[in-house]
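**Student:** Chains as they are written, first to last, in the numbering used here: chain A, 84 to 230; chain B, 84 to 230. From the three backbone atoms N, C-alpha and C, an ideal C-beta is built for every residue, glycine too. To start, I am sharing the structure in question, which I have written as structure tokens.
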DNA sequence: CTGCGTGCAAAATGTTTGCAATGTG
DNA sequence: CACATTGCAAACATTTTGCACGCAG
């Protein structure tokens, strides 16, 4: 249901202590519906697709606010472009070295065990695993010699 | 021994199929001696400290070549600045959320186990763990209320 | 001698900032 | 109504590109 989703998104914003603005709604809604790890640029374009709604600066503002609130996760990838991902359950990422595609990896498919980190007196708050490799498609193409 | 190290670095370059140039030597040597995960900028400054040697473009060229050859590792961090790290043994990284310091974490201190990734027909080639948290110093300072 | 590697400066890209105007709670 | 949030455009930082020159193999 559309109004159902709307309410949910607004609730998430309010719970995070953020005022609900059309811009914030639009960005979060877009991330909600597209789990493609878009760049800020893609988000801006998508959000302003039907009619101008959020300026570039606002998109960044919004994304930063959402990051601070823990609602979205930033992913730093090769090329220096930052990508964004809505944060539902904790998960990791798989990045294809050939096409650059980023895919989610459910947290329960990766088990990480750290030993002795605390001995450095460092406080571990989070942990992110990035798996590099070749996605199924690219694997196929390389075999076929598409290069 | 200085000449010893020199020979080692040159050997690493040749083994990687790269021509040995003063610029490449300088960059690799700097990374060899400083395990501080410098930015391209810092590397350029350091390398040109005594006398100009490598232009900006060359530093990037060199770093990319070294990356392709597997001699250095790029680390993508918040802020969009790429940092570089000489690749000796495989290791992971700890990033302090407060001061941004990056610290190496020996690979054997982290055990990662992936299950079912291959089911997607993805070929896993590598795996990188980024630990986020608060380093000892910052932890102290936050407690002391330095903010 | 052949071509890869380099320097330079300009351009492309991605992100941030300052300030007036606006909308939210 | 107070204050947070937005738009705009300009500033900023980082990385890439094109082309002529020079040195390594």
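Just tell me which of A:218, A:127, A:217 has its CA closest to the CA of residue 141 of chain A.
**Tutor:** A:127
**Student:** Name the chain A residues that come within less than 9 Å of residue 154 of chain B, Cβ to Cβ?
**Tutor:** Result: empty, since nearest Cβ-Cβ is about 17 Å, beyond 9 Å.
**Student:** Taking 7 Å as the CB-CB limit, is residue 207 of chain A close to chain B?
**Tutor:** At a cut-off of 7 Å between C-beta atoms, residue 207 of chain A counts as an interface residue with respect to chain B.
**Student:** Starting from residue 166 of chain A, follow the beta strand (DSSP E) in both directions and report where the run begins and ends.
**Tutor:** 165-169
**Student:** Can you find the residues in the same chain that come closer than 8 Å, C-beta to C-beta, to residue 146 of chain A, ignoring five residues on each side of it along the sequence?
**Tutor:** 110, 123, 126, 155, 157, 167
**Student:** Answer yes or no: do residue 195 of chain A and residue 211 of chain B have a C-beta to C-beta separation smaller than 7 Å?
**Tutor:** no
**Student:** If you reduce the DSSP assignment to three classes, tell me which class residue 174 of chain A lands in.
**Tutor:** strand
**Student:** Residues in the stretch 112-126 of chain B with C-beta within 7 Å of chain A's C-beta atoms, listed in sequence order?
**Tutor:** none
**Student:** Between the alpha carbons of residue 218 of chain A and residue 223 of chain B, how many angstroms are there, rounded?
**Tutor:** The straight-line gap separating the alpha-carbon atoms of residue 218 of chain A and residue 223 of chain B is approximately 43 Å.
**Student:** Anyone know if the C-beta pair for residue 189 of chain B and residue 174 of chain B falls short of 7 Å?
**Tutor:** yes
**Student:** DSSP beta-bridge partners for residue 210 of chain B?
**Tutor:** A:214
**Student:** Can you pull the chain A neighbours of residue 199 of chain B, defined as C-beta to C-beta under 7 Å?
**Tutor:** Neighbours of residue 199 of chain B in chain A, taken as residues at a C-beta separation under 7 Å, are given in chain order as 192.
**Student:** Kindly indicate if chain B contains any beta-carbon less than 7 Å away from that of residue 204 of chain A.
**Tutor:** yes
**Student:** Of all Cβ atoms in chain A, is any one closer than 7 Å to the Cβ of residue 165 of chain B?
**Tutor:** yes
**Student:** Anything in the stretch 124-152 of chain B with a Cβ closer than 9 Å to a Cβ of chain A? List those residues in chain order, please.
**Tutor:** Along the stretch 124-152 of chain B, none of the residues has a CB nearer than 9 Å to a CB of chain A.
**Student:** DSSP three-state call for residue 187 of chain A: helix, strand or coil?
**Tutor:** strand
**Student:** Take residue 117 of chain B and list the residues in its own chain whose beta-carbon comes closer than 8 Å to its own, dropping the five residues that flank it on each side.
**Tutor:** 129
**Student:** Look at residue 208 of chain B and residue 215 of chain A and say whether their C-beta atoms are less than 7 Å apart.
**Tutor:** yes
**Student:** Would you identify the three-state DSSP class for residue 194 of chain A, choosing helix, strand or coil?
**Tutor:** strand
**Student:** Please state whether DSSP places residue 122 of chain A in a helix, a strand or coil.
**Tutor:** strand
**Student:** Smallest Cα separation from residue 95 of chain A: which of A:150, A:193, A:119, A:177?
**Tutor:** From the listed residues A:150, A:193, A:119, A:177, the smallest Cα separation to residue 95 of chain A is found for A:150.
**Student:** Is any heavy atom of the ligand MN found at a distance shorter than 6 Å from the C-beta of residue 164 of chain B?
**Tutor:** For the ligand MN, the structure offers nothing, since it holds no ligand at all.
**Student:** Does residue 177 of chain A pass the burial test, meaning 16 or more other C-beta atoms within 10 Å, or should it be called exposed?
**Tutor:** buried
**Student:** Tell me the rounded alpha-carbon separation between residue 186 of chain A and residue 108 of chain B.
**Tutor:** 37 Å
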